[in-house]
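For the sequence shown, the numbering used here begins at 28 and goes up steadily by one.
Structure record follows, encoded as C-alpha cells.
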Amino acid sequence: LTLNQFGFNMLLADDCGMALAVVLALFGPAVAGFSYLAAFFFKDHAKASNAILTFCLVGASVLSTVLFILAFINYNPTYKYPAACDIPTEGYPEGNCRFPAARKADRILGPLFRL
28 LTLNQFGFNM
38 LLADDCGMAL
48 AVVLALFGPA
58 VAGFSYLAAF
68 FFKDHAKASN
78 AILTFCLVGA
88 SVLSTVLFIL
98 AFINYNPTYK
108 YPAACDIPTE
118 GYPEGNCRFP
128 AARKADRILG
138 PLFRL
C-alpha cells in the first residue's frame, strides 16, 4: 500500500509484485532461523543479538560497496546502455566490457545482495 502511494507502482505490477510478496514473506522466517541457529554460538543472548546485528550491518555495507565497485568498473556514459556493457550493439556484437569478469560477477552477485 505504501509503495503505491509513493509512486512505485512498477514494483506491484505482474510478476514483480508476486516476487516482492514472496521475498517479504520469506524474509521473516529466514532471519528468525538464522538468528536462532547463530544464538547457539553464544552463552549470553545479548551478545548473540549484537553479533547478529553487527554481522548483518557490516556484511550489507561491505557487499554493497563491492557491488558498487563492480558496476563502476565497466560503467561508461558514452555507451548506449552505460551500465550494461554486455548488451550487443552494432559495432560490438559481443558487448563492450572493459573487464568481462567484473560484469559477470556483478550479474551473479547483484540480485543476491540487492535483496
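Glycine included, every Cβ here is placed at the ideal spot set by N, Cα and C.
Do residue i and residue j have their C-beta atoms closer together than 9 Å?
i, j, result
"Ala57", "Ile79", "no"
Check residue i in the structure and name its three-state DSSP category.
i, result
"Cys112", "coil"
"Cys124", "coil"
"Leu53", "helix"
"Glu90", "Here residue 90 is Leu; the residue named in the question, Glu, does not match the sequence. The answer is helix: DSSP assigns Leu90 an H, G or I state."
"Tyr63", "helix"
"Lys74", "helix"
Is residue i buried or exposed, if buried means 16 or more other CB atoms sit within 10 Å of its CB?
i, result
"Cys112", "buried"
"Leu84", "exposed"
"Leu53", "exposed"
Since residue i and residue j should fall inside the 8 Å C-beta cutoff, what is the C-beta to C-beta distance between them, to a whole number of angstroms?
i, j, result
"Asn101", "Arg130", "5 Å"
Check for me: the alpha helix (DSSP H) holding residue i runs from which residue to which?
i, result
"Asn103", "Taken as a continuous stretch (DSSP letters only), Asn103 belongs to no alpha helix (DSSP H), as it is neither H nor E."
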